[in-house]
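Asks: Shown below is the structure under consideration.
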Amino acid sequence: MSVPAGLRYGVLAAIAAGGILIAATPWTVAAPPLSKGTPEAAGGAVSPQTLLIDSEGLNPQALAQSPVPNCQVNAPATPPDDHGKPADFGPSQAVPAGQPPTASQVSDYARRMAGMFGGTKPAPASAPVFAREMSFADFRTLAEWPDNPTINPQRCVWVITVHAQMAIKVPPGQSPQRVNVYSIVVDAASGTTIGVLAGANLIHGRGPVAQ
Amino acid sequence: MIRRGTHLLVTSTAILVLVFGWPAAAFASTPSCDLPETSHCYSILRGTGTTFYGMYSAWNRANMTAPSSQANPEFMDSEMWFSPACSSYPWVEMGLAYGYEGKIGTVAYYAFYAWKTVGASYDLAFIASLVPNGAVTDEYQMSSPTPDGAWNVYWDGNHYMTPPLGFTSGACVQQGAEVATSNGCAKTFDMYAQAYNSAGQRVNWGAQASVFIPTWVAGTELNGLSYQNSEWSWNTVDSSGC
């Protein structure tokens, strides 16, 4: 694989945990920004930074190396304020404050978010999931989100795209709607959710995804 | 954040409730507000007929819960919507919700804002995870859109922004409850709204109407009353469990 100037090779990672395998291809820094995904957009080439997360543990060639995104996990400034309390879950299930979530936790969480607005259940384990760790600034470019003064642009975030149905909120009186793909962005250091983009295919993978 | 005395409203509420009464029924009745192919349930106040350039509201952090879990995420919220026309795209909204979001693996009570444009994704940004406290009131504001329709959002004075949404004014302002759970519970939210006119002044909505969607939720699952123009008080019919 040829790599243009300005790119730096990262490393490949695969973490087998709880039946989940995470595999990464080389990371880039100067990759051109992706346009915001369209609601029904499909596939496309695998981004150099993309992690393919599936339920069967494929991509065995990508074991035991770590991705190095262009961001700082502990960059100062806060993710969305977190003064809340975990509810309905035991301590073993909630990520303690200050403990970065694992990639498998992020993946599982992203699947369950399919039901966050009611009307749809969590995405099945077979649903393709693509994830990438990046700076909040890069996420904003990718998602075409405006600046958020409470979040350091260099802070590391996970951006996860799930190909599964999600019921979305609609204005009062409108018929219910669903999308077939959604993305979420999570603060990498704390696990605090920053945003949900229902219908956005932000992290692309090459289909079909092996299950 | 502001703290407001509410004894006057409580008194007037008590009088009105004595006169008219909250309809009495169990919230957990079926059909529910979480059927996959049905709309969410709403108890809202809707203002129409006047073009505004944003809206403001303040309401308390009343307790609300829903049987949300990792396996069965559900939610309910108290929020406000602003759009060029009712029941149409695009729109911008913000409010306070309870559901499966927040820190990974947790159910949270949180403030948020969200937006939707034609042909684009529905995007939701989290503002803060909070602890219910009916004595605390927060301020919500969506106003002063840029010429291309990027809206300025304020929560307790903290500034956020949306991307360009393609509209700068609207004739539909709404606030109240949105429910996507079969067995939720909410104490009374007293929501005091106004809207921004072309001069940037906060004014009452004027023409307004109570709206329950679907209509059968009125008095069977959700209550809602307006005690004065631009004000909406709502709760679940059975709020004993929260």
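The listed protein sequences correspond, in order, to chains A and B.
Under the working numbering, the first residue of the first sequence is numbered 1, with each subsequent residue one higher.
Under the working numbering, the first residue of the second sequence is numbered 212, with each subsequent residue one higher.
The beta carbon of each residue, even a glycine, is placed where N, CA and C say it ideally should be.
Keep in mind the model is a prediction, meaning the values are calculated, not measured.
#1: Measure the C-alpha to C-alpha separation of H204 (chain A) and V159 (chain A) and round it to an integer number of angstroms.
#2: I'd like to know if V329 (chain B) contacts chain A, where contact means its C-beta is closer than 8 Å to some C-beta of that chain.
#3: Hey, would you say M291 (chain B) sits closer than 8 Å to G310 (chain B), going by beta carbons?
#4: Ordered along the chain, which non-local residues of its own chain (more than five positions away) have a Cβ less than 6 Å from that of F139 (chain A)?
#5: List the residues that DSSP assigns as beta-bridge partners of E304 (chain B).
#6: Using a Cβ cut-off of 8 Å (strictly closer), state whether G44 (chain A) contacts chain B.
#7: For W302 (chain B), does the count of other Cβ atoms within 10 angstroms reach 16, so buried, or fall short, so exposed?
#8: Buried or exposed: A114 (chain A), going by 16 or more other Cβ atoms within 10 Å of its Cβ?
#9: Using 10 angstroms around the beta-carbon of N74 (chain A), count the other beta-carbons present and answer buried if the total reaches 16, otherwise exposed.
#10: Closer than 7 Å by beta-carbon distance: list the chain B residues that pair up with R155 (chain A), in chain order.
#11: Is it buried or exposed, Q385 (chain B), if we count other Cβ atoms within 10 angstroms and call 16 or more buried?
#12: Can you have a look at G348 (chain B) and say buried or exposed, based on whether 16 or more other CB atoms are within 10 angstroms of its CB?
#13: Select from B:Q439, B:V390, B:Q412 the residue whose C-alpha is nearest the C-alpha of Y264 (chain B).
#14: Report the neighbours of L197 (chain A) on chain B: residues whose CB is nearer than 7 Å to its CB, in chain order.
#15: Can you look up F117 (chain A) in the DSSP assignment and give me helix, strand or coil?
#16: Compute the Euclidean distance between the alpha carbons of W362 (chain B) and A382 (chain B), then round it to the nearest angstrom.
#17: Can you confirm whether the stretch 173-183 of chain A touches the stretch 314-324 of chain B when touching is taken to mean that 3 or more C-beta pairs between the two stretches lie within less than 8 Å?
#18: Please list, in chain order, all residues of the same chain as V295 (chain B) whose beta carbon is under 6 Å from its beta carbon, the five residues on each side excluded.
#19: Run down chain B in chain order and give the residues with a C-beta less than 7 Å from the C-beta of P149 (chain A).
#20: Mind pulling the chain B residues with CB within less than 9 Å of A188 (chain A)?
#21: Of all Cβ atoms in chain A, is any one closer than 8 Å to the Cβ of Q419 (chain B)?
Replies: On the basis of the supplied data:
#1: 11 Å
#2: Not an interface residue.
#3: no
#4: V157, V159, V185
#5: B:W292, B:A325
#6: Low local confidence applies: a pLDDT of 34 at G44 (chain A) is under 50, so the model's placement there is unreliable, and no value is given.
#7: buried
#8: Classification of A114 (chain A): buried, given that the 10 Å Cβ count is 16 or more.
#9: exposed
#10: Contact annotation for R155 (chain A) against chain B: no contact, minimum CB-CB distance about 15 Å [criterion: below 7 Å].
#11: buried
#12: Gly is not the amino acid found at residue 348 (chain B); the sequence shown has Thr there. T348 (chain B) is buried by the Cβ-count criterion.
#13: B:Q412
#14: Around L197 (chain A), the beta-carbon contacts reaching into chain B at under 7 Å are S332, D334.
#15: coil
#16: 16 Å
#17: no
#18: According to the sequence shown, residue 295 (chain B) is Pro rather than Val. Correct list, in chain order: F378, G381.
#19: H370
#20: Ordered by position in chain B, no residue passes the 9 Å Cβ test against A188 (chain A), which lies about 11 Å from the chain.
#21: no
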